[in-house]
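Shown next, in structure tokens, is the structure this report addresses.
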Amino acid sequence: MPSKHEKNRKRDLDADTSIEEDREESRRHRRSRSRSPKKSKRRKEDDSSPSKNEESMSIEETNKLRAKLGLAPLDLDDKTSTEPVEKEDGSGEKVFTEDGVEIVHKPSRNWSEEKRQKELKEKLENKKRQRDLHSKVLKSKIWLRKKTKKLKTQKNGLKDREGLRKK
Numbered sequence: 147m148p149s150k151h152e153k154n155r156k157r158d159l160d161a162d163t164s165i166e167e168d169r170e171e172s173r174r175h176r177r178s179r180s181r182s183p184k185k186s187k188r189r190k191e192d193d194s195s196p197s198k199n200e201e202s203m204s205i206e207e208t209n210k211l212r213a214k215l216g217l218a219p220l221d222l223d224d225k226t227s228t229e230p231v232e233k234e235d236g237s238g239e240k241v242f243t244e245d246g247v248e249i250v251h252k253p254s255r256n257w258s259e260e261k262r263q264k265e266l267k268e269k270l271e272n273k274k275r276q277r278d279l280h281s282k283v284l285k286s287k288i289w290l291r292k293k294t295k296k297l298k299t300q301k302n303g304l305k306d307r308e309g310l311r312k313k
């Protein structure tokens, strides 16, 4: 009589073979499908020519579009590219002149520099607020001192007047 483990092993082997049989059957099923007819050579020739809905751009038009988007122009094989010239205003922008069109290339922004400038600006604004508050407090202290001094002089003046009246 076979043991419990032997029965389990046999069952596992049977399951493995049934899975393989299912796979083979599905492959046969896939192969039995009819394939679509191949395209003719005439059709391929028609595909290579531009269709009515398709648009094409010349390199010059592409360069103009790229200039509007802030991208560097494409190099033309028959023409030599000119060296970029930096603007005199100190902005760091480079100007390419190609086909009578000036193309401006702006350098990318430095985020760390912008962050540092923002932090400095916030710090300066904070200091300015502190100065304003400090000056207001000082003004109120000065005003308070003047008022107390004025009240003391008035009290002293009243005492002096009362002292003179009593005599």
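The sequence shown begins at 147 in the working numbering and counts up by one. Ideal placement from N, C-alpha and C gives every residue a C-beta, glycine not left out. Predicted model, so just to flag it, every value in this text is computed and none were measured.
- For K240, the uninterrupted beta strand (DSSP E) run begins and ends at 240-244, by DSSP.
- Within 10 angstroms of the beta-carbon of P219 lie 16 or more other beta-carbons, which makes it buried.
- A contact between stretches requires three or more CB pairs, one per stretch, nearer than 8 Å, and the region 268-284 fails this requirement with the region 242-249.
- The alpha-carbon of T294 is positioned some 25 Å away from that of R277.
- Per DSSP, the beta-bridge partners of H251 are K240.
- In the three-state scheme derived from DSSP, where H, G and I count as helix and E and B as strand, D306 is classed as helix.
- Around the beta-carbon of N154, fewer than 16 other beta-carbon atoms lie within 10 Å, marking it exposed.
- DSSP places S202 in the coil class of the three-state scheme, outside both helix and strand.
- Taking every protein chain shown into account, the CB of N272 has fewer than 16 other CB atoms within 10 angstroms, so this residue is exposed.
- Per the coordinates, the alpha-carbon of K305 lies some 21 Å from the alpha-carbon of R291.
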